[in-house]
Amino acid sequence: MDNNTKFNGKAKVYAAFRPYYPEQLLNDLFTECELSINSTATDIGAGTGILTKQLLDLGLTVFAVEPNEDMRQAATGLLKDYKGITLVNGAAENTTLPEHSVDLVTAAQSFHWFNEEEFHKECQRILKKDGKVAIIANERVNEASVNLEIADVYRRYCPNFNGFSNGLNGSQEIYDSFFNRNYHEIVYDYPLKYNKATFIGRHLSSSFALQEGDKQYPLLVEALAALFDKYGENGLLSIPNLTKCRYGVVQAK
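What the sequence shown shows, in the working numbering, is residues 829 to 1081, in sequence order.
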């Protein structure tokens, strides 16, 4: 399946149940990347506009680049009242943006879908001098019991499951390669808290998760509900999670 179509049919559940990123991360990004309200960012693989909205709230002008029509339409609805936003039908490897037009490139929960080499070239093409790339990801604490059991459920019912973040959860090698080992990393302890409905919804929003109509979909939902019942306390379940932001200047390889 083409990466651009992996989220077909997922926009509604994605928009409803995916978390925003820590406010402190956005503030740190603004400071560390030396941005101002006159700065322009492009959010690549913007999805339903979660990080895009937070960048707009910083006062930035933002180009949200998203190749999936369903996701882009959801972002349009979320961001309709914002000025300074342009939704772009483009991809990480071909944003269609002008050369040297942005101060910051972001990729939140999307980098693992990109062709790293082509994305690297595109960042060099569209960034202004000294512009930076920030790659942001929620990374589950792999050894936490609840995350181990969630992975077991996915393996049991979802044939396309290759591990969290397409198997890159916690991996450093791809970032070392992309940034040529010259980048900064900020880590935020950011446990994700869910009630039963949002826990199930979040875990149905993954690209590999079954959808209504799939034969084993009811069994997947039942297994997720059982996990919530096992680990939840007082109607809530906290998923151990680290939000990581890797940022730096993209250098020629």
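Beta carbons: idealized from backbone N, C-alpha and C, even for Gly.
Contact check, residue i vs residue j under 8 Å by CB: the rounded distance?
i: Lys911; j: Val930; result: The Cβ separation is near 17 Å, so there is no contact.
i: Ala874; j: Ala903; result: 6 Å
Rounded to whole angstroms, what's the CA-CA distance from residue i to residue j? Just pull it up for me.
i: Val1015; j: Cys1073; result: 7 Å
i: Glu1061; j: Tyr1018; result: 18 Å
i: Leu1055; j: Gly877; result: 29 Å
i: His1031; j: Ala844; result: 12 Å
i: Asn1058; j: Gly991; result: The displayed chain sequence assigns Lys, not Asn, to residue 1058. Rounded to whole angstroms, Lys1058 to Gly991 spans 22 Å at the Cα level.
i: Arg1009; j: Glu1001; result: 9 Å
i: Val933; j: Leu906; result: 21 Å
i: Phe1027; j: Tyr1011; result: 33 Å
i: Leu1048; j: Ser993; result: 19 Å
i: Lys840; j: Leu1038; result: 14 Å
i: Tyr982; j: Phe942; result: 23 Å
i: Gly1029; j: Val1077; result: 36 Å
i: Gln1044; j: Leu925; result: 42 Å
i: Phe824; j: Asp980; result: One cannot answer for residue 824 here, as it falls past the ends of the chain, which runs 829 to 1081.
i: Ile865; j: Ala972; result: 40 Å
i: Leu863; j: Glu1040; result: 43 Å
i: Ala1053; j: Gly1063; result: 12 Å
i: Arg968; j: Lys908; result: 32 Å
Kindly list the residues whose CB is nearer than 6 Å to the CB of residue i, restricted to its own chain and excluding five residues on each side of it in sequence; keep chain order.
i: Phe835; result: Asn896, Met899, Ser1035
i: Leu888; result: Ser867, Ala869
i: Glu944; result: Phe1006
i: Tyr1003; result: Arg1074
i: Lys1024; result: Phe1056
i: Val974; result: Tyr1059
i: Cys861; result: Leu932, Lys960
i: Lys1081; result: none
Taking the alpha carbon of residue i as the reference point, which residue from the options has its own alpha carbon closest?
i: Asn782; options: Asn943, Tyr842, Asp871, Tyr1075; result: Lying outside 829 to 1081, the shown extent of the chain, residue 782 is not represented and no answer is given.
i: Asn1069; options: Gly959, Gly905, Leu932, Asn970; result: Asn970
i: Thr859; options: Pro847, Leu883, Lys838; result: Leu883
i: Tyr842; options: Ser864, Gln901, Asn855; result: Gln901
i: Leu853; options: Cys986, Arg983, Ala962, Ala1025; result: Ala962
i: Gly959; options: Lys838, Leu857, Lys840; result: Leu857
i: Leu1065; options: Thr1026, Val1077, Asp1042, Tyr1022; result: Tyr1022
i: Ser938; options: Gln952, Asn966, Glu927; result: Asn966
i: Ile1067; options: Ala839, Asp909, Ile865, Ile978; result: Ile978
i: Pro1085; options: Ser973, Leu1020, Asp980, Phe989; result: For residue 1085 there is no data in the structure shown, the boundaries of the chain being 829 and 1081.
i: Asp1042; options: Gly1076, Arg968, Pro987; result: Pro987
i: Gly837; options: Ala1053, Arg968, Ser1033; result: Ser1033
i: Leu886; options: Asn855, Lys908, Asp909; result: Asn855
i: Glu1013; options: Ala1053, Arg968, Lys908, Ile964; result: Ile964
Keeping to the same chain, check which residues put their C-beta closer than 8 Å to that of residue i; ignore five residues upstream and five downstream.
i: Pro850; result: Tyr1016, Tyr1018, Thr1071
i: Val890; result: Thr868, Ala869, Thr870, Asp871, Thr880, Leu883, Leu884, Gly912, Ile913, Thr914
i: Thr923; result: Thr870, Ile872, Phe891, Val893, Val916, Glu950, Ile954
i: Arg984; result: Ala1051
i: Glu927; result: Arg953, Ile954
i: Leu976; result: Asn970
i: Pro1046; result: none
So, for residue i: in the same chain, excluding its five sequence neighbours on each side, which residues have a beta-carbon less than 7 Å away from its beta-carbon?
i: Phe947; result: Ala920, Glu921
i: Asp1079; result: First, the residue type needs correcting, since residue 1079 is Gln and not Asp in the sequence shown. Only Asn1008, Asn1010 meet the Cβ criterion.
Looking at chain D, is there any beta carbon in it that lies within less than 8 Å of the beta carbon of residue i?
i: Lys1058; result: Included in the structure is just one protein chain, with no chain D present.
Item to check | beta strand (DSSP E) runs contained entirely in the stretch 1019 to 1057, provided each spans 3 or more residues | outcome: 1020 to 1022
Item to check | Continuous alpha helix (DSSP H) assignments of at least 4 residues falling wholly in the stretch 957 to 1015 | outcome: 973 to 985, 1001 to 1006
Next on the checklist: Quick check on the DSSP output: what are the complete alpha helix (DSSP H) runs of length 4 or more inside the stretch 861 to 915, in order along the chain?
Outcome noted: 878 to 885, 897 to 906
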